[in-house]
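Remarks on the structure that follows.
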Amino acid sequence: MTIGISDLAFATAHRVLDLQQLADHQGIDVGKYYIGIGQSEMSIPAADEDIVTMGAQAAAQILARHGADGIRTLLFATESGIDQSKSAGVFVHGLLGMGAHCRVVELKQACYSATAALQFALGIVARDASEKVLVIASDVARYALDTSGEPTQGAAAVAFLVTADPALLEVEPVTGVHTDDIHDFWRPNYLSTALVDGKYSLAAYLGALEAAWGEYQARGGVAFDEIARFCYHQPFTKMAVKAHDRLCRIVGSDLDRDQRRAQIDASLELNRRTGNSYTASIYVGLLSLLERDPDELAGRRIGFFSYGSGSVSEFFTGIVQPGYRDLLRTAADAASLDDRRPIDYPRYRALHESVDAVQGSDYETAAETSGPFRFAGVVDHVRRYQRRD
Ligand code: HMG
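In this note's numbering, each residue carries its 1-based index in the sequence shown increased by 84.
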């Protein structure tokens, strides 16, 4: 029996800030963003959007195709949780009208937790092949205004279904993992924006890649040359370029620059436009790769490096399944990026500041978005969501 991902769906927020707007405000050359960090835009949630509305929008596409029957576990991975106790997944479970016989839990470890969810899901299906696990990864990446992290904000969600005999990607059993108790990026409970030691975080990411790859090899992983494409956690797309160059150096690869780029370029396209989506980012990268790579990928192996600050990381691989193209929603995913409403710098700044302004009090949000789910506001400290049918 093989186990892996049978379907993968994407959602993002309904507002977008072109990084030209940010560069103009800062009085700098936008080349630093478009080229230097490899980001062109960032998705910004409207006042009536959050990780629940994005996660529900991604998961609804999975349920529309497969139904909810047999899904007895919903794992919600996020580091921008909306409650300290209740899982964001329970809100989504309710919005989607899923059956009561389902375990729902939220997982956190910075950008890594969706990969933890995937590994836990594989274990559940290995024990009982009739089980299906719905994984949702949804995040809003927020840094303080006027900080170096600001251009790497973003928002997106993915949902994927983990089953036996997967239709999209078989996940192979060998992995390399690495944990290191560091402070490269973190968010104390009293802050709505992350703290980061930017340059250190880059070094920590690359060090973790080397360590996870080393364990992957020690545990009998395949050689570098047996992997056709690579998919990295993408806090900004240039990070994946740096990581792949580093891995090529570690293994002594003689691939030239264009050959190295051909192994990752398609995986960068969606993230370049969403910005960092923390836990979702690597799986947005997978979707981008499957949708945008010009070559037929069926039967070919993808290497994944998942990194979550703090830090926990994992290297693993998967085999793309025959017929995978039939499962993609390429046009709809492109439309969800193209259809975002552009906002200018003052509107972006107002949205950013509004998150902190309303904490602790009752409020209603204006109906700004027209998506299937919206965050309606807070009454008696309870978050209210609405579904539009
Ligand atoms: P910075 O220090 O302001 O930027 O912020 P810089 O001066 O390093 O410039 C960036 C790049 O732009 C450089 O290229 C410049 O040369 C280039 P590089 O040398 O790196 O190749 N550049 C230009 N290129 C073209 N035209 C120009 C131009 N000007 C400059 N005109 C930094 C960079 C990444 C530190 C900042 O964005 C930041 O703090 N980001 C947040 C932290 C982050 O994303 N870390 C990544 C690793 S940690 C991680 O991935 C985990 C995370 O996702 C969280 C989680 O796990 O939950 C963050």
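By construction, the Cβ of each residue, glycine as well, lies at the ideal position given by its N, Cα and C atoms.
In the DSSP assignment, the residues bridged to tyrosine 469 are Phe459.
Following the DSSP letters along the chain, one finds threonine 137 inside the alpha helix (DSSP H) bounded by residues 135-150. Glutamate 133 counts as buried, since at least 16 other C-beta atoms from the protein chains shown sit within 10 angstroms of its C-beta. Across the structure, glutamate 256 and alanine 451 are spaced so that their CA atoms are roughly 44 Å apart. Looking from the CA of valine 404, the closest CA among Leu370, Arg357, Gln104, Gln301 belongs to Leu370.
When the beta-carbon positions are compared, leucine 218 and leucine 158 come within less than 7 Å of each other.
A distance below 6 Å between beta-carbons, with the five flanking residues on each side excluded, links glycine 387 to the following residues of its chain, in chain order: Ile311, Phe314, Thr401.
DSSP, read as helix, strand or coil, puts glutamine 203 in helix. Nearest C-alpha to phenylalanine 457 among Gly122, Val176, Asp440: Val176. Where alanine 241 is concerned, there is no enclosing alpha helix (DSSP H), although the beta strand (DSSP E) around it starts and stops at 238-248.
In this structure isoleucine 128 touches alanine 239 by the C-beta definition: roughly 7 Å separates them, less than 8 Å. The beta carbon of isoleucine 348 sits no closer than 6 Å to any heavy atom of the ligand HMG. Note on geometry: alpha-carbon atoms of leucine 352 and alanine 324 lie some 8 Å from one another.
Taking the Cβ of threonine 321 as the reference point, every heavy atom of the ligand HMG lies at 6 Å or farther away. When the five nearest sequence neighbours on each side are left out, the beta carbons in the same chain lying within less than 7 Å of the beta carbon of alanine 228 are those of Thr277, in order along the chain. DSSP places methionine 126 in the strand class (E or B) of the three-state scheme. Cysteine 195: not part of any alpha helix (DSSP H); DSSP gives it neither H nor E.
With a beta-carbon spacing of about 4 Å, tyrosine 367 and valine 242 fall inside the 8 Å limit used to define contacts. Residue pairing by DSSP places valine 255 opposite Gly402 in a beta bridge. For serine 445, the three-state secondary structure derived from DSSP is coil. Note that the C-beta distance between arginine 330 and leucine 290 is below 7 Å. The DSSP-derived three-state label of serine 372 is helix. Proximity of the beta carbon of threonine 236 to the ligand HMG is indicated: a heavy atom of the ligand is located closer than 6 Å. The continuous stretches of beta strand (DSSP E) do not include isoleucine 112, and DSSP gives it neither H nor E. Assigned with DSSP and collapsed to three states, leucine 101 falls in strand.
Taking leucine 206 as reference, the option from Phe244, Asn360, Ser222 with the minimal CA-CA separation is Phe244. According to the DSSP assignment, glycine 88 belongs to the beta strand (DSSP E) that extends over 87-96.
In this structure, the straight-line span from the alpha carbon of arginine 357 to that of aspartate 340 is close to 27 Å. With contacts defined as CB atoms closer than 7 Å, proline 250 and serine 90 qualify as a contacting pair. Non-local C-beta neighbours of threonine 363 in its own chain, meaning closer than 7 Å and more than five positions away in sequence, comprise Ala161, Thr162, Glu163, Cys195, Ser197, Ala198, Ala221, Asp223, ordered along the chain. With a minimum length of 3 residues, the unbroken runs of beta strand (DSSP E) contained wholly in the stretch 150-196 fall at 155-161, 187-191.
Remark: the C-beta of phenylalanine 94 is outside contact range of the ligand HMG, defined as less than 6 Å to any heavy atom. Nearest to leucine 279 by alpha-carbon distance, out of Tyr117, Gln347, Thr231, Ala419, is Thr231.
If you look at isoleucine 334, you'll find it isn't in any beta strand (DSSP E); it sits in the alpha helix (DSSP H) that goes 321-335.
Separation of threonine 263 and alanine 292 (C-alpha to C-alpha, rounded to the nearest whole angstrom) is 8 Å. Between histidine 109 and arginine 424, the C-beta spacing is not below 7 Å.
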